[in-house]
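Participant:
There are 4 protein chains.
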Amino acid sequence: MSTQKLRIGIIGAGRIGQVHAQTVAFRLPEGEVVAITDMKREAAQALADRCNIPRVAESAAALLEDSQVEAVLICSSTDTHAGLIEQAAQAGKHIFCEKPIAHSLEKIDRALAAVKAAGVQLQIGFNRRFDANFARVRHAVSSGEIGAPRLLHIVSRDPAPPAPEYVRISGGMFMDMTIHDFDMARFLIGDEVEEIYVTGGVMVDEAIGREGDLDTALTVLRFRNGVIGTIDNCRQAAYGYDQRVEILGSEGKIATENCYPNQAVISGGNSVYRDVPLNFFMDRYTESFATELHSFVSSIREGRPTEVTGIDGRIPVVMALAARRSYDEHRPVRLDEIDVGGGEPEPDGHAARLCPQT
Amino acid sequence: MSTQKLRIGIIGAGRIGQVHAQTVAFRLPEGEVVAITDMKREAAQALADRCNIPRVAESAAALLEDSQVEAVLICSSTDTHAGLIEQAAQAGKHIFCEKPIAHSLEKIDRALAAVKAAGVQLQIGFNRRFDANFARVRHAVSSGEIGAPRLLHIVSRDPAPPAPEYVRISGGMFMDMTIHDFDMARFLIGDEVEEIYVTGGVMVDEAIGREGDLDTALTVLRFRNGVIGTIDNCRQAAYGYDQRVEILGSEGKIATENCYPNQAVISGGNSVYRDVPLNFFMDRYTESFATELHSFVSSIREGRPTEVTGIDGRIPVVMALAARRSYDEHRPVRLDEIDVGGGEPEPDGHAARLCPQT
Amino acid sequence: MSTQKLRIGIIGAGRIGQVHAQTVAFRLPEGEVVAITDMKREAAQALADRCNIPRVAESAAALLEDSQVEAVLICSSTDTHAGLIEQAAQAGKHIFCEKPIAHSLEKIDRALAAVKAAGVQLQIGFNRRFDANFARVRHAVSSGEIGAPRLLHIVSRDPAPPAPEYVRISGGMFMDMTIHDFDMARFLIGDEVEEIYVTGGVMVDEAIGREGDLDTALTVLRFRNGVIGTIDNCRQAAYGYDQRVEILGSEGKIATENCYPNQAVISGGNSVYRDVPLNFFMDRYTESFATELHSFVSSIREGRPTEVTGIDGRIPVVMALAARRSYDEHRPVRLDEIDVGGGEPEPDGHAARLCPQT
Amino acid sequence: MSTQKLRIGIIGAGRIGQVHAQTVAFRLPEGEVVAITDMKREAAQALADRCNIPRVAESAAALLEDSQVEAVLICSSTDTHAGLIEQAAQAGKHIFCEKPIAHSLEKIDRALAAVKAAGVQLQIGFNRRFDANFARVRHAVSSGEIGAPRLLHIVSRDPAPPAPEYVRISGGMFMDMTIHDFDMARFLIGDEVEEIYVTGGVMVDEAIGREGDLDTALTVLRFRNGVIGTIDNCRQAAYGYDQRVEILGSEGKIATENCYPNQAVISGGNSVYRDVPLNFFMDRYTESFATELHSFVSSIREGRPTEVTGIDGRIPVVMALAARRSYDEHRPVRLDEIDVGGGEPEPDGHAARLCPQT
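Chains as they are written, first to last, in this note's numbering: chain F, 16 to 373; chain C, 16 to 373; chain D, 16 to 373; chain W, 16 to 373.
1. Between alanine 232(W) and glycine 215(W), which are expected to be in contact by the criterion C-beta below 8 Å, what is the C-beta distance as a whole number of angstroms?
2. Proline 331(C): which of Pro347(C), Gly241(C), Thr193(C) sits nearest, CA to CA?
3. Indicate whether glycine 284(D) and alanine 279(F) have their beta-carbon atoms separated by less than 9 Å.
4. Would you call the segment 83 to 99 of chain D in contact with the segment 110 to 123 of chain D, where contact means no fewer than 3 C-beta pairs closer than 8 Å?
5. Helix or strand or just coil, what does DSSP make of tyrosine 181(F)?
6. Compare the C-beta of glutamine 258(W) with all C-beta atoms of chain D and state if any pair is closer than 9 Å.
7. Tell me which residue opens and which closes the beta strand (DSSP E) that arginine 172(F) is part of.
8. From Gly32(W), Pro44(W), Pro176(W), pick the residue whose C-alpha is nearest to that of lysine 20(W); which is it?
9. Can you check which of these residues, Asp146(D), Phe238(D), Ala338(D), is closest to methionine 297(D) by C-alpha distance?
10. Might you give, ordered along the chain, the residues of its own chain that have their beta carbon closer than 7 Å to the beta carbon of valine 39(F), omitting 5 neighbours on each side?
11. Which residues in chain W have a C-beta closer than 9 Å to the C-beta of arginine 42(F)? List them in chain order.
12. Whose Cβ in chain D lies nearer than 8 Å to the Cβ of lysine 131(W)?
13. Can you confirm whether alanine 279(C), when its beta carbon is compared against all beta carbons of chain W, has any partner nearer than 9 Å?
14. Are any of the Cβ atoms in chain D nearer than 9 Å to that of isoleucine 223(W)?
15. Tell whether a beta-carbon distance below 9 Å holds between alanine 172(D) and glutamine 102(D).
16. Leaving aside the five residues before and after glycine 32(W) along the sequence, list all residues of the same chain whose C-beta is less than 6 Å from its C-beta, in chain order.
17. Apart from the five residues on each side of it in sequence, which residues of its chain come closer than 7 Å, Cβ to Cβ, to cysteine 370(D)?
18. When DSSP labels each residue in this structure, what does phenylalanine 41(F) get in the three-state scheme?
19. In the segment 137 to 154 of chain W, which residues sit with their C-beta less than 8 Å from some C-beta in chain F, listed in chain order?
20. Please list the residues of the segment 313 to 343 of chain F that have a C-beta atom closer than 9 Å to any C-beta atom in chain D, keeping them in chain order.
21. Helix, strand or coil for arginine 289(F)? Go by DSSP, reduced to three states.
22. Using the rule of at least 16 other Cβ atoms within 10 Å of the residue's Cβ for burial, across every protein chain shown, is threonine 83(D) buried or exposed?
23. Can you name the residues that DSSP bridges to asparagine 248(C)?
24. Flag this pair as yes or no: are the beta carbons of glutamate 160(C) and isoleucine 51(D) separated by less than 9 Å?
25. For glutamate 261(C), name the three-state secondary structure that DSSP assigns.
26. Kindly give me the distance between the Cβ atoms of phenylalanine 141(C) and histidine 96(C), rounded to whole angstroms, as I take these residues to be in contact under 8 Å.
27. What three-state label does DSSP hand phenylalanine 141(C) in the structure shown?
28. Using a Cβ-Cβ distance cut-off of 9 Å, determine whether leucine 233(C) contacts chain F.
29. So valine 287(D) contacts chain F; which residues on that side make the cut at Cβ distance below 7 Å?
30. Could you tell me which residues DSSP pairs with alanine 279(F) in its beta bridges?
31. When the Cα atoms are used, what is the spatial distance from valine 312(W) to glutamine 37(W)?
32. What is the DSSP secondary structure of arginine 151(C), counted as helix, strand or coil?
33. When the Cα atoms are used, what is the spatial distance from alanine 106(C) to leucine 137(C)?
34. Can you list the residues of chain F that glutamate 266(W) reaches, using a CB-CB cut of under 8 Å?
35. Between glycine 216(F) and chain C, is any beta-carbon pair separated by less than 9 Å?
36. I believe arginine 143(W) touches tyrosine 300(W) by the beta-carbon criterion, under 8 Å. Please report the beta-carbon distance rounded to the nearest angstrom.
Here you go:
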């Protein structure tokens, strides 16, 4: 039976590479990791030992030459993503790549062209689409349970700010953090944003400001279909990871609460309380990481498009660029100011892909 | 003991006049209504009968000449507010006036000048400040319970849209509906807004659009102290009246839920559910109407400034004008574009008034 | 119009007398208090001043002779209830009497016989039936929303124990505190209890034990229709007044939460919390006191039976006696062991009365 | 590294055997299944294929002779548990056994004696102790967070009744279903029950009654330390699996809610609702199954007592027998009526074991 498993290679043995390696090893019977590589060979070896991965490749190039490997998970640093997508596509491997593909549209478009030319599958790691809460919200929209959507609110706050050194290479808050929320907005509403307006500032850590970045922002989205949305981002929430959405529709609203380590409520002399939410994405989105890989493997084994395509990876980058320009120029910015051509549309049409049967 | 009661006259026996008359009659031992008037005499008479009000005056002017009357509640239509404030002030009566004072700053400033000249007290009917939920949020901010505020969200949605004829005379959504939220924003944060950006449209009823108004809007506020806020308004929420706020601070957040007719939760075969929220402001804000009148009467009897002054009535009108301009011109608008002089500051300073001891 | 108001006399100007006097004066347009009396004349006078009551009667007897008085509210100490019901009935007054009628069935039966002979109306002060939460639960049962009831749980805990001196004259926890829950159980299920089993003890205050009473008890009820119920009583809950019910039916369950002073939730560094529930019955049941008097006055003005009759006052006393015997003898006790005859049934049948159309 | 993994044999490839096999294969890096057996060989083979188990043994006896096997998981039918424990102990294997050990104390005591004589470890499958909700409640009790416990309530209702054929061999509701709650009661309070009283009946399915069993019961527990508890059991809850506890202590209370598939709340025109709870134990207790095996493997690798010992498996059986007798004889029954000797105490004392450092 193991010959039917999808044979996977992993590039990058850092935090997210470890998550994916363990998922495949311990929670994904339909796949197996046959090779891994990392610039730090010891990191790759340690993960291989833990997850029974038979081969530690010398380099990404070596891994991509391995004929055993049918699909690769690109878990290396962002600056390597686009190049590795190109190489993997040329090697005929199906590709799962962490977000963002790149910080520039030129790199992204070259990578997507290579994927198209090679005819391989590509899935971008927007894992939150696979979270039970957000999937339930998407279902409420696509099924008409709340009628036509009117207003969307996304709250996405981290428990603690990153180190300034990380901020420096992150591409900025919009590219690093809000990008998940840009994807979420498109996914939930099932339509495209045409204009963005940002108000924001540095409220958490002045060192972040010295890197030229923000740590707190309120982003307003206007969709083509008239829906208005907001994204509330802050690099620090004293009570932990805050990840919620709310949509008002013509027939009702749907709103999600955070996820908690337990459902116990204590009533004491001064207050009625519960423990704070799950602290960060490794705990909060555990299941979604497994579900997205399951979806990726299923897509490839069944020969159908992935649920988060290359275009889904490209558009949030356009949105991040527009958000930054809005902040810099203090005015609403249309996406077509950033992306004059608008990228190459996919043959099967966009709206249909965003609104699967539910 | 009845001679110590504050003797009140009421101008206007419509919906809000009835609320206040009944509050004074049945829930406010420290006050009594001694006269009432309405353009429809029968309406005034019916309310007088129900609430044991001894005199139905021929006109507002006649009521204001009544030496028995120490204070008036102005509950007539908005276009009469500013003029009646002037006349009442000149007659030496303390004044409680429903919001908004007027749609133009000129009228407001003339009314406030008359109040100042007469040395009487003026309270504006922003009743929501006296609601237990929002008072708790204000307390959390002013006491430092959540640290320094960073982001504010106000959701304020009506159960059903008004008739187009009402829209025509309402002054528009910002002046009629959002004005409560503008006051709430200032009250909760304890600072002034300096810039407003609006995205909105007609999503509920095209007849509202034909009147030149919006029915759905997302308003972004930037406060002088850097806080960023949003106001989410919609003239229709299928599930009833939606009135919530949330503030993120440096040490935590506070968020309020809606108020419900009961605390029962039913678990059935298909869902776990409860009854929808209290439907509209008469049910939702019942207690706050009583509390605001109690505060007004106490302020006068104790000779101290009211909790919602004339300036508190003026600034939200400036905000409503800025919001409309932002919508029309599709750009962020500073309040000082609307209000070049900024109104006359009060002698005792603004911040102190906004941040009472708690 | 004031001649149509029901003219009420109040016997007793203590805590609950004050509640009722203020309700009639300020919240009940269809009634008016025309006379009040109390053994402490100053207490009666103070309340008369506050609520504009024109007459302070010398004694209960004098008040009952007042031909102006159409109905009396008996708010004096429990040991006087049964005798005053008899006298009021003989004077032809309609009667509202606080619970319990008496601690002995002999006294109760003599009082109820006098009421029957006089043909006056009697309502017992089980105010919780008129609370929005419990009324919603009753509706779920009577409308079939949760199917046929199977299991009932009542939690009824006080914020702090009474003084030992009060315990001494209270009739014991079952007669003083649980009696409300006995009524609630009958009201919610719409059927009669046939057997009671109690486990309990002294966990809060040993002084209560020295008075021969319990402070914590778990009472099991078995209804004639097979439903099984529990009542959880404790004289002390650190977090305040805890008043909840839950019913499991064949088609679902309904459960009520406590009532809180506001709906704000704060997320801090260590916990997500809200303020503790409303502290005690004066705050928690405010509305139900007004609603029960409204119901009483309406019943009399409309000439129909009250919603809480004399039998509804009698049966919980039988239950309290059975509960105490179960505790003393450490075995389940049938109600017909206590009440051999079972009281005189009402002509219109019992179940029908308990299950009004909803 | 694989030589350091604990080598496990599984007896029984039914529903719970499958759960444990998959847990070890995919979620428990510190263990591996080296052999499996089942009376239906195909079932064992299919599970072996899925989980990469190298050996399918002919019989339990053959598996127990396998020197590779260090520990066994007994997942076969209840009537085989005690005998297999004896045999496994004699073969020197550490043992994890599903609950209950047996329906008779004689069988249990013989099995426990064999375990003791062999010096092997034994853990009983009371997985709910490892659930995050109940572990949090236990922590609140053991840490003093809610003070000294006074009242305990356990609600434990199944979504749908079992087939009558299952009821026939189940040992009855107390032995099959309530036994988990008996364990939970001891675990949460950290003390032993001394008396049980049951009221119950057949409310769900008369076929269950024809098998001589109940389907609905309210069990009252009196603990040695004075705490009073209830267990609410019903074989049917229209809304799904209902698993909650509440404890009132001298300083507060703690209560748990059910677990839901997502945290989304929808507000519609008629109600505010969410999806029903996770439907049954396979979904609700997924994590606890993994955690209990992790604990078992850790205990053995570290040479310390398991967290749920043989005595913990024995006492709930005594409680189930007492509960049934109480129901049959309609009176409170002391546990020492059932278990005259009380079983052999463990050398390290009981309370200490029940109250681990937290």
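Using N, Cα and C, we set each Cβ at its ideal position, and we do this for glycine too.
Facilitator: This is what the structure holds:
1. 3 Å
2. Thr193(C)
3. no
4. yes
5. helix
6. no
7. 164 to 172
8. Pro44(W)
9. Asp146(D)
10. Ile23, Gly46, Glu47, Val48, Leu308
11. Phe41, Arg42
12. Within 8 Å Cβ-Cβ: nothing; lysine 131(W) doesn't reach chain D, min ~36 Å.
13. no
14. no
15. With the sequence shown as reference, residue 172(D) is identified as arginine, and alanine is not the correct amino acid for it. Against a cut-off of 9 Å, the Cβ pair of glutamine 102(D) and arginine 172(D) comes out as no contact.
16. Ile25, Cys90
17. Reliability fails at cysteine 370(D), whose pLDDT of 34 lies under 50, so the model's placement of it is uncertain and the value that follows must be treated cautiously. Answer for cysteine 370(D): Ser157, Gly205, listed in chain order.
18. helix
19. Ala147, Asn148, Ala150, Arg151, Val152
20. none
21. strand
22. Before going further, note that residue 83(D) is glutamine rather than threonine in the sequence given. With fewer than 16 other Cβ atoms within 10 Å, it is exposed.
23. Ser171(C), Ala232(C)
24. no
25. strand
26. Incorrect: roughly 14 Å between the Cβ atoms, too far for contact.
27. coil
28. yes
29. Tyr254, Tyr288, Arg289, Val291
30. Thr271(W)
31. 15 Å
32. helix
33. 13 Å
34. Gly283, Gly284
35. yes
36. 7 Å
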